[in-house]
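Heads up: the sequence shown begins at 20 in our numbering, then just goes up one per residue. C-beta: ideal position from N, C-alpha, C; glycine also. To start, the structure under review is shown below, and the notes come after it.
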Amino acid sequence: CTSSRLHSLCAQEKLWQHICSSTWPSSNDPRVRTLVSSYPGGGHRSFFSHSFPVLDCQKQPSKHIHDDDSLLVTEQIISAVDLYYRNDPVFSRVTENETVTGWFQFPPLRIDLVDAKYSVPTKIPFVSEANILFEELEKNLTLSWIIIDSSRNRAVNLSSWWPVSVRQDWLTSDLHVKYAVVIAAGGNQRWGLFPARECMECEVMVTPGGRGKKGEEMLCVKEVNMQMKDMEGNLSWKDGLVILQGVMESGKRKNGRRAEVKERYEELLMRKIDRKEKKERAERVLNNVCLASGLVMLAAFWAFKVF
């Protein structure tokens with residue numbers, strides 16, 4: 020009797036709606052609510068199970084990812100984004116992106132939420148000591164970026180939740196807080212000798228800045244954007260959406276830890292460096308072969324002329 024009552028309570032849509040709205044303020048947006056209410060098998064409960072855990076795609080999803088135009092039935096994707104400082108929401112926004120326009124065929128797959136011209140004030144205190152500020156942001160500035168497929172009733176969180184790096188641009192002095200999820204999308208040898216799409220990176224960059232009034236110095240959010248990249252930093256909307264749909268359908272989710280998230284990102288950086296070095300070595304070998312072939316042909320030509 021107790022278990023059936025508990026099951027009944029856990030299945031209540033209002034309970035899960037409250038959990039979603041308290042976890043992601045952006046889910047209160049009417050566009051998101053309308054979509055989530057149409058989810059089969061529990062509405063907000065299904066949405067929570069899709070979106071709350073950190074994406075874990077170290078291995079290729081069981082559903083094969085490929086360039087199949089039949090998968091591209093989605094005309095619109097919705098991004099629901101929330102930024103938190105010490106677990107309190109400081110910024111929330113929802114944006115829609117059409118996938119049927121001409122630029123859909125070309126890279127980059129990038130979504131911009133905030134432009135530097137229209138900074139958004141927050142309650143994040145400014146710290147003048149750079150090292151202390153970096154450490155504070157790395158520990159306490161968390162982010163959720165949920166992509167919702169409006170036609171398939173599926174969602175996925177493309178943020179690592181915790182930052183994988185905090186750095187300052189040496190030229191502009193802007194801070195860049197980076198969140199990243201690595202997706203194993205490859206293994207398909209038709210991509211070539213050095214497949215650029217063996218791994219994908221979903222990168223979210225937050226640029227805080229500004230100080231506000233003296234005595235009330237707070238950071239503002241200057242820029243927020245998300246970009247999907249392959250190993251060479253290029254990916255079109257068309258190819259990226261196919262990968263996202265595969266991840267939404269069969270990508271694993273798990274409650275990841277901060278150190279684990281950062282470790283995966285550092286592994287990706289090492290793989291990029293290793294891939295670049297191998298590619299450069301192969302190019303040098305090819306250049307040497309071409310040079311040697313040219314010298315042999317030149318020697319043969321002169322030998323033919325002389326004799």
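* Asked: Just how far apart, CA to CA, sit Ala99 and Val183?
  -> To locate residue 99, count along the sequence shown from 1; it is residue 80. To locate residue 183, count along the sequence shown from 1; it is residue 164. Roughly 21 Å between the two C-alpha positions.
* Check whether the Cβ atoms of Phe110 and Thr161 lie closer than 9 Å to each other. => Working through the sequence shown from its first residue, we reach residue 110 at position 91. Working through the sequence shown from its first residue, we reach residue 161 at position 142. In this structure, Thr161 does not lie closer than 9 Å to Phe110 by Cβ.
* **Status (buried if at least 16 other CB within 10 Å, exposed otherwise) for Asn176** => In the sequence shown, the residue the question calls residue 176 occupies position 157. Under this definition Asn176 is a buried residue.
* Classify Pro108 as helix, strand or coil using the three-state DSSP reduction. => Counted from its first residue, the sequence shown places residue 108 at position 89. Pro108: strand per DSSP, three-state reduction.
* So, Phe145 versus Met237, is the Cβ gap smaller than 9 Å? -> Stepping through the sequence shown from its first residue, residue 145 is reached at position 126. Stepping through the sequence shown from its first residue, residue 237 is reached at position 218. Going by C-beta atoms, Phe145 is nearer than 9 Å to Met237.
* Work out the CA separation of Gly62 and Glu32 for me, nearest whole Å. => Numbered from its first residue, the sequence shown carries residue 32 at position 13. Numbered from its first residue, the sequence shown carries residue 62 at position 43. The alpha-carbon atoms of Glu32 and Gly62 are separated by roughly 7 Å.
* **Pair within 9 Å by beta-carbon distance, Glu222 and Asp249** => Here the question's residue 222 lines up with position 203 in the sequence shown. Here the question's residue 249 lines up with position 230 in the sequence shown. No, they are not a contact pair.
* Cα-Cα separation between Glu94 and Ser170, rounded to whole angstroms -> The residue labelled residue 94 in the question sits at position 75 within the sequence shown. The residue labelled residue 170 in the question sits at position 151 within the sequence shown. Cα to Cα, Glu94 sits roughly 8 Å from Ser170.
* Asked: With a Cβ-Cβ cutoff of 9 Å, do Val113 and Val51 count as a contact?
  -> To locate residue 113, count along the sequence shown from 1; it is residue 94. To locate residue 51, count along the sequence shown from 1; it is residue 32. Yes. Within cutoff.
* Asked: With distances taken between CB atoms, is the gap from Lys241 to Gly228 smaller than 9 Å?
  -> Translated into positions along the sequence shown, residue 241 becomes position 222. Translated into positions along the sequence shown, residue 228 becomes position 209. Yes, the Cβ-Cβ distance between Lys241 and Gly228 is below 9 Å.
* Asked: How many Å lie between Ser255 and Val185 at the Cα?
  -> Position 236 of the sequence shown, counting from 1, holds the residue named residue 255. Position 166 of the sequence shown, counting from 1, holds the residue named residue 185. In a straight line, the C-alpha of Ser255 is about 27 Å away from that of Val185.
* Asked: From which residue to which residue does the beta strand (DSSP E) around Lys248 run?
  -> Within the sequence shown, residue 248 is the residue found at index 229, counting from 1. 237 to 248 is the span of the beta strand (DSSP E), which, as asked, contains Lys248.
* Bounding residues of the alpha helix (DSSP H) (the contiguous stretch that carries Ser70) -> As a working note, residue 70 is residue 51 in the sequence shown. Run containing Ser70: 63 to 70, per the alpha helix (DSSP H) assignment.
* Where the beta strand (DSSP E) through Gln31 begins and ends -> Counting from 1 along the sequence shown, the entry for residue 31 is found at position 12. Taken as a continuous stretch (DSSP letters only), Gln31 belongs to no beta strand (DSSP E), as it is neither H nor E.
* In angstroms, rounded to a whole number, what distance separates the CA positions of Val266 and Ser57? -> Walking along the sequence shown from the start, residue 266 turns up at place 247. Walking along the sequence shown from the start, residue 57 turns up at place 38. If I take the Cα positions, the gap works out to 21 Å.
* In whole angstroms, what is the alpha-carbon distance linking Ile166 and Pro44? -> The residue you call residue 166 lines up with position 147 of the sequence shown. The residue you call residue 44 lines up with position 25 of the sequence shown. The straight-line gap from Cα to Cα measures roughly 15 Å.
* Whole-angstrom distance between Leu317 and Asn306, CA atom to CA atom -> As a first step, residue 306 is located in the sequence shown; it is residue number 287 there, counting from the start. As a first step, residue 317 is located in the sequence shown; it is residue number 298 there, counting from the start. Going by the C-alpha atoms only, they are around 16 Å apart.
* Taking C-alpha atoms, which residue in Glu302, Val225, Asn172, Glu282 lies nearest to Val133? -> Working through the sequence shown from its first residue, we reach residue 133 at position 114. The option with the nearest alpha carbon to Val133 is Val225.
* Asked: Is the Cβ-Cβ distance between Met247 and Leu128 less than 9 Å?
  -> Taking the first residue of the sequence shown as 1, we reach residue 247 at position 228. Taking the first residue of the sequence shown as 1, we reach residue 128 at position 109. Against a cut-off of 9 Å, the Cβ pair of Leu128 and Met247 comes out as a contact.
* Within this structure, are the beta carbons of Ser163 and Tyr104 separated by less than 9 Å? -> Residue 163 sits at position 144 when you count from the first residue of the sequence shown. Residue 104 sits at position 85 when you count from the first residue of the sequence shown. No. Outside cutoff.
* Quick one: grab the DSSP three-state call for Tyr103. => Mapped onto the sequence shown, residue 103 falls at position 84. Tyr103 falls in the strand class under three-state DSSP.
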